[in-house]
Every structure is written in C-alpha cells, then in structure tokens.
Amino acid sequence: MQGLAEGLKLGSEFVAGVVVGAAIGYGIDSIAGTMPFGLIVFLMIGFGAGVRNVLRSVSPKREPSANAAEPPSKDFGS
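Residue numbers (the UniProt record's numbering): 1 to 78.
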C-alpha cells in the first residue's frame with residue numbers, strides 16, 4: 001500500500017505543476033489578449049516544474065556534511 005501512496009503523490013505533484021502553469025498562462029493570455037502564447041509558455045514551465053518536483057521527491061535524501069555546519073574561517077593568511 002505504501003507504493004501506491006508514493007505513486008499517487010508523485011502523480012499529483014506532476015499534474016499540479018502542469019495545471020498551475022496552464023492556469024497562469026491562461027490568465028495572462030486573457031488579460032493581455034495574447035492567446036495562446038502565454039498558455040504554451042507557462043504550460044512548458046509547469047511541465048518543467050512538475051518534472052523537477054518528481055525528481056526531487058524520488059532522489060535520495062542527502063545528509064549535510066560536517067564541513068557545511070561550520071562557518072568559513074575569516075583568516076586570509078595575514
């Protein structure tokens with residue numbers, strides 16, 4: 001059942017990105033009167049955002065390294 005939940009989560013994240021992009025593009029087109037160029041552009045941006053969300057969810061989680069926790073030193077060799 002956990003696999004089904006993960007699959008539905010990934011699918012909904014992808015579809016949400018595409019739908020939001022299409023809605024923004026349609027809204028811009030209806031205001032600016034540039035049908036269908038804004039819709040096409042923002043649909044592609046939404047597709048990219050959906051793919052990015054899916055890839056981010058699927059990629060393994062990385063632990064922060066020990067070097068990232070300490071701030072860089074201010075010693076410039078003087």
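Just so it is clear, CB atoms sit at the ideal spot from N, CA and C, and this is done for glycine as well. Please read all numbers here as calculations on a predicted model, not as lab measurements.
Extent of the continuous alpha helix (DSSP H) run through residue i
i, result
"Gly38", "Phe37 to Val58"
Straight-line gap, residue i to residue j (C-alpha atoms, nearest Å)
i, j, result
"Pro36", "Asp29", "7 Å"
"Phe47", "Leu8", "17 Å"
"Ser59", "Asn53", "10 Å"
"Val51", "Ala23", "17 Å"
"Gly27", "Thr34", "10 Å"
As assigned by DSSP and simplified to three states, the class of residue i
i, result
"Gly27", "helix"
"residue 111", "Residue coverage of the chain in this structure runs from 1 to 78, which leaves residue 111 outside it and unanswerable."
"Gly17", "helix"
"Lys9", "helix"
Given 8 Å, three or more beta-carbon pairs between the region 11-19 and the region 41-56: yes
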